[in-house]
Structures are given as C-alpha cells and as structure tokens.
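Before any comments, here is the structure.
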Amino acid sequence: MGLMSQVPVRGTPRFLPISLALVAVLVWAAVVALGVFPESLFPSPRAVARGMVEELRSGRLLNDAVASLFRVGTGFALAVVLGIPLGLWLGHRAYARAAMTPAINFFRNLSPLAWMPFAVLWFGIGDVPAIFLIFMASFFPLALAATLAVASIPSVYFRVASDHGIGGWELVARVSFPAILPEVITALRVTAGVAWVVVVAAEMVAGRDGLGFAVLDARNGLRTDLVVVEMIVIGAIGVIIDRLLAGLTRLPSVRWGYER
Amino acid sequence: MSGGDTNDKVLVVSGLSRHFGSLEALRAVDLQVRRHEFVAIVGPSGCGKTTLLNILSGYERATTGSVTRQGRVRMVYQKDGLFPWLTAGENVLLGLRDVPDTMERRRRLDDLLGLIGLPRFADHYPHQLSGGMRQLVELARALAGESEILLMDEPFSSLDYIARLRMRQELARLLAERPRTVLFVTHDIEEAAQLADRVVVLTERPGRVCRALQVELPRPRSLTHPLVVEAIHTVLAEMGLESNSSPRRNGASGNRQKA
Ligand SMILES: Nc1ncnc2c1ncn2[C@@H]1O[C@H](COP(=O)(O)OP(=O)(O)OP(=O)(O)O)[C@@H](O)[C@H]1O
Ligand SMILES: [Mg+2]
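Respectively, the protein sequence lines represent chains V and X.
Using the working numbering, the first residue of the first sequence is number 1, and each one after it goes up by one.
Using the working numbering, the first residue of the second sequence is number 1001, and each one after it goes up by one.
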C-alpha cells in the first residue's frame, strides 16, 4: 500500500520538511532578486505574502474556500453514501456484478472533466455542476473498490458468520462492512484527493466563486501573486483533507487491515 | 463395531459418499461417535477429511449416505477464523449470542477467558495476539454456548512445534472442564495418538476408513507414553510409512473395519 509510506519513520525529525520549505522560499526569493523574470510572471514571496493578507482581510479567501469545501463535501458525501452500499450489494451478487462492473469500470476510467460540457448545459453555473462533477469523479472508484473488496473477503468469515446464525442485513453490517473497511478507507483517501483536484477545474468553468474560480479570476486581473496565494491554499487544504481521512486508519477496529 | 445403546451415539455416519463431478472424494464412510468421545481423523492429503467435516457440519451435502447428529455443532478452523475487526472478547461473545441476559453473557465470557488463561486479553484484537493465543480464543468461542460436537480441521497446523505441544495440553485440559464430542482432523499422527480415544485412518482418495485404532489411556497423556508411541507406530505402519515388524505391546488394539 503506497499510502502507508506516508507514516513518518520513527525518529525522523519533524523539522526536516519545515527546513526544506524555508530553503525553497529562500531560493525562490533569490531567483526573484536576480531579476531574471519580470515580477508579473514570477511574483516574489513578499508580494505573495502581501496578497495573502489582502485576501484574508477582504474575506474573499475564506468565502472561496468554504464554497469549494461545500461542493466537495456534498458531492463526495453523496458518492460515499451511494457508492459504498452499491459496492457491498454488487460484491454479494455475482450476476449483478458481472452485469455492472464493466460499466462502472468504463465511467471510472472516463475523466470526470469530460462531463464538463453537460454539467454546464444541464445545471448551469454554481454549486450544482461542481457537485455533479465531484460525484462523477468519486462515485465510480468508490463503488468499484467496495465491490472488489467484498469479493475478496476470505470465505471463512462467512462460514463463521453462518455457524453463529448471522445472516441477512446483520451479515452485511457485522461482517462484510467491517471486513472491507480498511480497503474502503484507503479508497476514500485516494478518491477525496481526486475530488479536490476536480473541484478546482469545475469552478474554473462553471463557478462564480470558489478557489478554482479565484485562480482564474486572479489571472484575468494579472494578479499572479494572488494566483500563487490560491495555489498555496488549495494545496494546503488538500493535505489537511488527506490527514483527516488518514486519521480513520487509526480506529482500533480497522488497524488489522494495515498491520498484516 | 460394538452394538451399544443408540442414544449414546451423538454422531452416526453411514454409507457416506461424496462426489465432485466425476471426482470421488469419499466412498462409503461409516462412523459412529459416542458422546464425549475424541476421534482423530488422519489420512493422506486430498483424501476428503475436510470434505467429511464440511458434510458433518451441514455446510456441504453428501452425495449418498446419511448423517445423524445430536446437538449443536461448532467448527474450529485452521486459522483466521476469528473476525479481525472484533476484540478477543467480542469474538467469544459471538458464541454466546443465544444467551439473552447481558449480565449472564458477561459472566460466561469472563469464565471462558479465565478458562483459556487470557482474562486480561479481552480487549486485544486478534492481530495483537500470538498464533497460539488466537487458537485458544477460537476454542473458547467454540466451547461457548450449548455446543455438543466440535469439528476441528487441523486447528494447530499453523503453529510451531512447541506451541502445538502446548495446545494439545490446553485442549485436553479444556475438554476435561467442558466435555464435548470431538472430531479432530490432523496430519500430525503424534497429535492424533496423544489426544484421541480413537484414531481413524482414511485411505488415499476416494477416502474410506481403512483402520480404527483405540487408544485407551486417560488424558492428559505424555507424548512418550508407550501406548502413545505404540499407536503412532501402528498408524505409520498402516499408512505404509514404517515397517510393520516392530514388536507389539498389548493395550493399543487396532480393529480392522469393514469398508
Ligand atoms: N468444492 C470442491 N469442488 C471440487 N472438488 C473438491 C471440492 N472440495 C474438495 N474437492 C476435492 O475433494 C478431494 C478431497 O478434498 P479435501 O479438501 O476434503 O481433502 P483433505 O483430506 O482435507 O486434504 P488436506 O489434508 O490437504 O487438507 C480433493 O481431491 C479436492 O480436490
Ligand atoms: Mg483439509
């Protein structure tokens, strides 16, 4: 599991990534000071910091971040609430699985950005097209991950369940779901990352606010310093989302999935 | 075999065969197991031992023949039979699902965990336990509730030798406390001879009973007791793994069965 490598190795000093970031900013400042590129193409750290303060003061940055998070939250929550039950169901139903897996696989491999024209035609401008695109980006990978995870549950668990009279809904709730949870959490992390990427693109095309729209707006106003501000915020929020979801892997009842 | 009174037989298998398509896994198996008898089943790989247990547990059907059981059956799996998302205590509680009263369930859980010597591990997850501890928890779960027959399919085969020796002692002790009728499949002939009242040897596929050997010795038994050694020799000889020439002692009496 690639995501596991993000767990810090015991004893690695925490200041290492911070010092690296400081060095990067210094190099950046040095390049700007050399005056190789005009300030409009290559904003200085100082300009970016000023832009950041300006955006925070005006409240625009907060508004845009909230708008983007609302869209991702809604679209992603819909995808989780519908996709994981669908995956659980497909995992238990061989015929339905055989019928639907190719279609799900098709849509998973279709870039959600390809839906952009229809998203705008059907839903216009605003929250709905972005939520739609985020849903399309997350629903299929989540459903597929859950389906495959159910299909690979060791059969001994189902035998133990039937030995103890666990069947029907109880089987899904007490065996299938907890058995796939570690894999589902991994899929959630990957998919949330994709959703966060998609919302920026969606807002560039179908937004009047949001961080994606703000990037485009800043460029149109030739404020490259603000472009960098938005970039920093987008990246930082993405990291925070992943950290929050990574916290799920510390639940005691899923640890087994990561310690095999 | 001995007539006996039929109520004494908890498990009666007669003329049992099992085919998988054209493959014949078991042929005309007859077996009668007394209440609280410990029967070990040994035989070459692929001779249908697991299939036999699956039929006895009701998980698979016999192609021909009949099985009658009295009392509830519990299966102990080779490994990974515990739900990894539940703690040891929660896993054992699965075996107590039909105890309606919460306090009573709690009390029986504490008893069982004490019995297997792991009272402080109720809140540990299976991946935090050693292989032997996990099998002990499996045993506790199988002994919970009102089960009468334990079907065990190579329950100790994933453990190292020392742990296996220890688990044999534990099993003998647990059965003394909570008597059950046991059908115990194993590749380990030592294990069979040290634990079982009767060792049933199956032939190559299609599996048939080719020999049943009584070992009349109270448990726990020492592995090096002459009767145990004698039984090991007899089974090895029956499987063609040791010459039949070594002198026989009395006590371990092999009685050939009609197929
Ligand atoms: N579901 C099945 N479908 C087809 N063939 C099967 C099935 N289950 C078992 N068999 C066949 O039946 C025979 C007996 O299998 P079984 O698993 O009972 O053997 P075993 O005695 O338990 O072997 P081992 O000692 O290796 O565990 C084997 O040849 C196996 O290939
Ligand atoms: Mg087997």
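Each residue gets a CB set at the ideal place from its N, CA and C atoms; glycine is no exception.
Backbone CA spacing between residue i and residue j [nearest angstrom]
i         : j         : result
LEU110/V  : ILE134/V  : 13 Å
ARG250/V  : VAL53/V   : 36 Å
ALA1237/X : ILE1055/X : 29 Å
VAL198/V  : LEU245/V  : 18 Å
ARG1173/X : PRO1218/X : 12 Å
SER1253/X : GLU1230/X : Unreliable positioning characterises SER1253/X in this predicted model, as indicated by a pLDDT of 48, which lies under 50. A coordinate reading is not provided.
MET1076/X : VAL156/V  : Correcting the residue identity first, residue 1076/X is Val in this sequence and not Met. Distance between the alpha carbons of VAL1076/X and VAL156/V is about 11 Å.
ARG1034/X : GLN1194/X : 19 Å
ARG1108/X : ASP1101/X : 11 Å
MET1239/X : GLY1043/X : 8 Å
ALA21/V   : ALA29/V   : 12 Å
PHE1038/X : ILE1149/X : 10 Å
ARG1249/X : LEU1227/X : Legend: pLDDT at ARG1249/X = 48, less than 50; position of this residue unreliable, value from coordinates given subsequently. Using only the alpha carbons, I get a separation of about 8 Å.
PHE132/V  : ALA206/V  : 11 Å
LEU262/V  : LYS1049/X : No information on residue 262/V is available, as it lies outside the stretch 1 to 260 that chain V covers here.
TRP196/V  : VAL184/V  : 18 Å
ASP209/V  : ILE125/V  : 10 Å
LEU1082/X : LEU1175/X : 20 Å
VAL1235/X : VAL1201/X : 7 Å
LEU1086/X : PHE140/V  : 29 Å
VAL120/V  : VAL72/V   : 17 Å
Interface flag, residue i vs chain X, CB-CB below 7 Å
i        : result
VAL156/V : yes
GLU183/V : no
HIS92/V  : no
PRO178/V : yes
GLU170/V : no
SER253/V : yes
GLU259/V : yes
THR249/V : no
LEU244/V : no
C-beta neighbour in chain V for residue i, strict 7 Å
i         : result
MET1133/X : no
ARG1061/X : no
TYR1077/X : yes
LEU1094/X : yes
Contact list for residue i against chain V, beta-carbon separation under 9 Å
i         : result
ARG1097/X : HIS164, GLY165 and ILE166
Beta-carbon neighbours of residue i, restricted to chain V and to distances below 7 Å
i         : result
GLY1081/X : VAL156 and VAL160
Residue i burial status per 10 Å Cβ neighbour count (16 or more: buried)
i         : result
PHE76/V   : buried
ILE1162/X : exposed
SER5/V    : With a pLDDT of only 49 at SER5/V, under the threshold of 50, the placement of this residue in the model should not be trusted, and no figure is reported.
GLY212/V  : buried
MET959/X  : Nothing about residue 959/X can be read from this structure; chain X reaches only from 1001 to 1259.
HIS1233/X : buried
TYR1125/X : buried
TRP256/V  : buried
ALA187/V  : buried
ASN1091/X : buried
PRO268/V  : For chain V, the structure presents residues 1 to 260; residue 268/V sits outside this window and is missing.
GLU26/V   : Checking the sequence shown, residue 26/V turns out to be Leu, not Glu. Classification of LEU26/V: exposed, given that the 10 Å Cβ count is below 16.
VAL31/V   : exposed
Contact set between residue i and chain X, taken where Cβ atoms lie within less than 8 Å
i        : result
TRP256/V : PRO1084, TRP1085, TYR1125, PRO1126 and HIS1127
Under 8 Å by beta carbon: chain V residues contacting residue i
i         : result
ARG1074/X : ASP163
LEU1165/X : The premise fails here: LEU1165/X is roughly 25 Å from chain V at the closest Cβ pair, so nothing lies under 8 Å.
Residue i CB to nearest heavy atom of ligand 4 below 6 Å
i         : result
SER1045/X : This structure lacks ligand 4; the ligands present are ligand 1 and ligand 2.
Residues near ligand 2, criterion Cβ-heavy atom distance below 7 Å: Listed by chain position, these are LYS1049/X, THR1050/X, ASP1153/X, GLU1154/X and VAL1185/X.
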